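Residue numbers (our numbering): 44 to 198. No residue lacks a Cβ here, since even glycine has one placed at the ideal position from N, Cα and C. Treat the numbers as computed from the prediction; the structure is a model and nothing was measured.
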């Protein structure tokens, strides 16, 4: 009985020590760059529920295609655009609409128990039709110390 209480106490004390950014994808806007590539502008809400600051090491995105007969579709990794490239994207392609949120970039800090809205732009080497017909979009936020969290959009 003492062991059970000790284990429960340790788990209770450590509840805020697990760093795993969580959240949800709010909106995805897409545009064709040419006939074989396209860009997704992803607005999302990220939450740090731990007691420690998350320092962003990397933000990546991947698109999973519809699998057809196969339940797991093909995964396409995207190339995340830099903040300056994202600014130019909104300037030259007004069809994307307004830029609502700041870009989540390397070395950004998410304070303990903080929730924030951010965005990224990602280029995929697939046609726009294929991007728009995606099964889901996965956004991965990695901390400098290793832990990471995934935000998943399912259509």
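Nearest-angstrom Cα separation, counted from residue j out to residue i
i: residue 98; j: residue 168; result: 29 Å
i: residue 64; j: residue 105; result: 17 Å
i: residue 140; j: residue 74; result: 11 Å
i: residue 82; j: residue 157; result: 28 Å
Beta-carbon separation (whole angstroms), residue i vs residue j, contact threshold 8 Å
i: residue 95; j: residue 137; result: With a Cβ gap of about 40 Å, residue 95 and residue 137 do not count as contacting.
i: residue 165; j: residue 192; result: No, residue 165 and residue 192 are not in contact; Cβ-Cβ is about 17 Å, not under 8 Å.
Neighbour-count burial assignment, residue i, 16 or more Cβ in a 10 Å radius
i: residue 189; result: exposed
i: residue 196; result: buried
i: residue 123; result: buried
Three-way DSSP call (helix, strand, coil) for residue i in this model
i: residue 167; result: strand
i: residue 160; result: strand
Enclosing alpha helix (DSSP H) for residue i [first to last residue]
i: residue 143; result: That residue, residue 143, is in no alpha helix (DSSP H); it is neither H nor E in DSSP.
i: residue 127; result: 126-135
Residue i, enclosing beta strand (DSSP E) - first and last residue
i: residue 103; result: 97-107
i: residue 66; result: 65-77
i: residue 197; result: 191-197
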